[in-house]
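Read the structure below first, then the notes.
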Amino acid sequence: DARCDPCCDARPRPRCDARSMSVTLASAEVFSRFVSELPGDPEEGPRRRQVHGALYSRVEPTPVRDPRLVVLVPEVAALLGLDPAATPAYAQVLGGCALVKGMDPYAACYGGHQFGNWAGQLGDGRVINLGELRGADGALWELQLKGAGPTPYSRGADGRAVLRSSVRELVCSEAMHHLGVPTTRALSLVTTGEPVMRDMFYDGNPAPEPGAIVCRVAPSFLRFGNFELPASRGDEDTLRALVRFTLKHFYPHRIAGEVMDVGGFFADVAERTAAMVVGWMRVGFVHGVMNTDNLSVLGLTMDYGPYGWIEPYDPGWTPNTTDAQGRRYRFGNQPTITRWNLLQLARALAPLMDDVAPLERTLAGYGDALNDALRAMMLGKLGLPVDPSRAEADQALVDGLTAALGRAEVDMTRFFRALAAVPVDTLGGAPTQHLVRLRESLYDPDGQAARLEALGEWVEVYLARVRDAGIADGARRAAMDAVNPLYVPRNYLLHEVIEALDGGDAGPLTALMETLRRPYTPQPGAERWAALRPVWARSKPGCSMLSCSS
Ligand code: AMP
Ligand code: MG
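Numbers 59 to 608, taken from this note's numbering, label the letters of the sequence shown in order.
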């Protein structure tokens with residue numbers, strides 16, 4: 059098999075014979091519109107290089123020694139029309155050791171702004187796209203393997219992923235979906251049987267860790283950075299081809315024949331990006347690396363790296379050690395950052411437009427629209443209706459809450475569930491009585507009274523508002539519990555799950571994923587997945603802070 063010839067990377071390619079196996083995952087046809095319709099790199103294989111005038115490079119996954127399927131997400135398999143009962147072929151294909159007929163694997167060429175600076179060509183450095191499948195509902199889904207080996211875009215790195223970061227990606231993408239926040243999905247987790255060297259603490263002591271591959275699934279993985287790179291090079295032909303492709307397949311109402319409504323497309327991306335970040339703020343998610351190469355033009359949460367979940371409410375918190383200095387991507391800054399990122403996308407699209415006024419209009423209106431959406435979301439979390447005539451007072455109520463939460467060391471997730479259960483007839487008592495009801499969401503319930511006082515007082519103001527609006531306790535609680543999750547993949551829970559898996563026990567991983575399928579519904583026996591972060595996890599790496607070295 060000519061395709062098994064050793065490439066520029068001198069690494070041995072074990073099990074090359076697997077490629078010639080006749081493997082099927084489904085009777086469905088596999089194809090790739092990205093490859094068949096867009097300009098590609100004439101050179102194939104993983105030799106590291108700058109790629110011009112092309113949107114991707116053909117490169118195959120590098121087979122691994124011992125691919126084992128640890129998780130197959132049944133819902134995603136069903137979505138793709140795959141048999142959810144795993145066969146040996148799954149481990150082969152999802153571990154990058156075999157291809158299904160029709161797969162024409164490639165790595166996408168993109169650039170991006172990282173931490174506010176233009177970084178030039180980045181590209182899929184450890185992701186290899188396998189192709190598209192027509193799902194059970196007729197929709198098309200692209201499949202890609204993260205950690206599948208080197209590509210032309212791997213730069214100095216190895217193209218692999220470690221088990222811990224793969225588990226984090228798997229769990230969180232599925233959790234986000236069930237939380238109702240737009241996201242890429244995850245089909246599978248395969249362990250590779252090959253160690254990966256990582257300097258987890260950036261202290262000059264790299265150590266071997268188990269390697270793994272996650273299969274990600276989305277209608278498209280196109281990022282802002284795919285558009286930015288050709289634009290940065292003044293390559294309008296490539297840029298135009300990409301925009302046409304994107305509109306044709308993902309924004310068909312923005313294209314008619316040769317006429318492209320680029321301004322309308324940008325407005326749609328802005329709307330979807332806003333909806334995504336409002337979802338993050340609702341559930342307490344901190345992405346951690348909102349570089350433009352990690353922002354989807356479909357408004358999907360993607361590239362789960364050093365992300366985290368807000369436990370003690372703190373808008374200044376970021377889980378990403380690489381961002382600890384500037385805290386550019388801290389929780390409270392995420393909405394603002396989406397606008398900055400959209401501005402970069404607008405700059406990339408501008409060369410295709412005679413008149414950039416539509417881009418400017420979208421950007422000019424973005425901040426207000428986002429603030430309105432954020433206020434509406436917060437009112438939803440409080441079980442209150444949106445009333446434009448009360449916008450100012452409602453904003454003050456929301457601001458008062460976030461200030462009080464920050465001072466009192468309150469667990470964001472548990473707080474909103476507890477608040478939903480506080481009856482309106484407790485209004486008018488001592489503010490401290492509310493603290494008793496909220497006790498289970500406080501990290502330091504017996505701490506300084508001064509830090510807790512404001513929260514009790516805020517609850518008084520809130521209950522008065524609920525009473526004036528004439529909202530019944532039961533209805534309010536049901537509405538609140540439908541938007542305030544009880545279970546989120548807390549950082550320390552993932553740490554525990556990964557430790558168990560390292561010890562050979564996949565039970566906790568399966569149990570956590572099962573609970574996260576219904577994050578708004580109390581489930582008997584699942585109390586541990588809703589618990590406050592324990593003291594041991596406060597400052598433990600992997601629980602409070604994460605590095606990009608995944
Ligand atoms: P990220 O910060 O994970 O979004 O990655 C930024 C860029 O680095 C992307 O181009 C990735 O594909 C690339 N990258 C990250 N980790 C690796 C790795 N282990 N091997 C090759 N490329 C990587
Ligand atoms: Mg990325």
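Glycine residues also receive a C-beta, built at the ideal position from the N, C-alpha and C atoms.
Whole-angstrom C-beta distance between residue j and residue i, which should lie under 8 angstroms
i: residue 219; j: residue 186; result: Actually they are not in contact, since the Cβ atoms of residue 219 and residue 186 sit about 12 angstroms apart, beyond 8 angstroms.
i: residue 267; j: residue 244; result: Not really, about 20 angstroms apart at Cβ, beyond 8 angstroms.
i: residue 524; j: residue 340; result: Residue 524 to residue 340, Cβ: 19 angstroms. No contact.
i: residue 349; j: residue 171; result: 6 angstroms
i: residue 356; j: residue 288; result: That pair is no contact at about 19 angstroms.
i: residue 345; j: residue 574; result: Not confirmed; about 18 angstroms, so no contact.
i: residue 463; j: residue 371; result: 4 angstroms
i: residue 269; j: residue 221; result: 7 angstroms
i: residue 570; j: residue 229; result: 7 angstroms
i: residue 211; j: residue 284; result: So it is not a contact: roughly 12 angstroms between Cβ atoms.
i: residue 347; j: residue 373; result: That pair is no contact at about 18 angstroms.
Distance cut-off 7 angstroms: residue i Cβ against heavy atoms of the ligand AMP
i: residue 212; result: yes
i: residue 185; result: yes
i: residue 180; result: yes
i: residue 215; result: yes
i: residue 347; result: yes
i: residue 218; result: yes
Any non-hydrogen atom of the ligand MG within 7 angstroms of residue i CB
i: residue 381; result: no
i: residue 622; result: Because residue 622 is not part of the residues shown, which for the chain are 59 to 608, the question remains open.
i: residue 141; result: no
i: residue 361; result: yes
Residue i, DSSP secondary structure in three states
i: residue 369; result: coil
i: residue 110; result: coil
i: residue 298; result: helix
i: residue 364; result: coil
i: residue 79; result: Because the pLDDT at residue 79 is just 40, under 50, the model does not fix this residue reliably, and the value given afterwards should be weighed accordingly. Here residue 79 sits in coil by DSSP.
i: residue 414; result: coil
i: residue 191; result: strand
i: residue 529; result: coil
i: residue 308; result: helix
i: residue 345; result: coil
i: residue 340; result: helix
i: residue 629; result: Because the chain here runs from 59 to 608, residue 629 falls outside it and cannot be looked at.
i: residue 426; result: helix
i: residue 436; result: helix
i: residue 352; result: helix
i: residue 602; result: coil
i: residue 126; result: strand
Distance CB(residue i)-CB(residue j) smaller than 8 angstroms
i: residue 139; j: residue 178; result: no
i: residue 241; j: residue 117; result: no
i: residue 465; j: residue 590; result: no
i: residue 469; j: residue 499; result: yes
i: residue 440; j: residue 327; result: no
i: residue 421; j: residue 393; result: no
i: residue 225; j: residue 567; result: yes
i: residue 206; j: residue 183; result: no
i: residue 476; j: residue 534; result: no
i: residue 153; j: residue 125; result: yes
i: residue 516; j: residue 459; result: yes
i: residue 388; j: residue 375; result: yes
i: residue 360; j: residue 239; result: no
i: residue 584; j: residue 553; result: no
i: residue 323; j: residue 330; result: no
i: residue 528; j: residue 492; result: no
Residue burial classification, residue i (beta-carbon count within 10 angstroms, cutoff 16)
i: residue 343; result: buried
i: residue 436; result: buried
i: residue 351; result: buried
i: residue 213; result: exposed
i: residue 263; result: exposed
i: residue 255; result: exposed
i: residue 190; result: buried
i: residue 150; result: buried
i: residue 474; result: buried
i: residue 45; result: This structure gives no information on residue 45, because the portion of the chain shown stretches from 59 to 608.
i: residue 494; result: exposed
i: residue 445; result: exposed
i: residue 259; result: exposed
i: residue 198; result: exposed
i: residue 146; result: exposed
i: residue 295; result: exposed
i: residue 304; result: buried
Residue-chain proximity (residue i, chain C), Cβ-Cβ < 8 angstroms
i: residue 557; result: Chain labels in this structure do not include chain C; a single protein chain is all it has.
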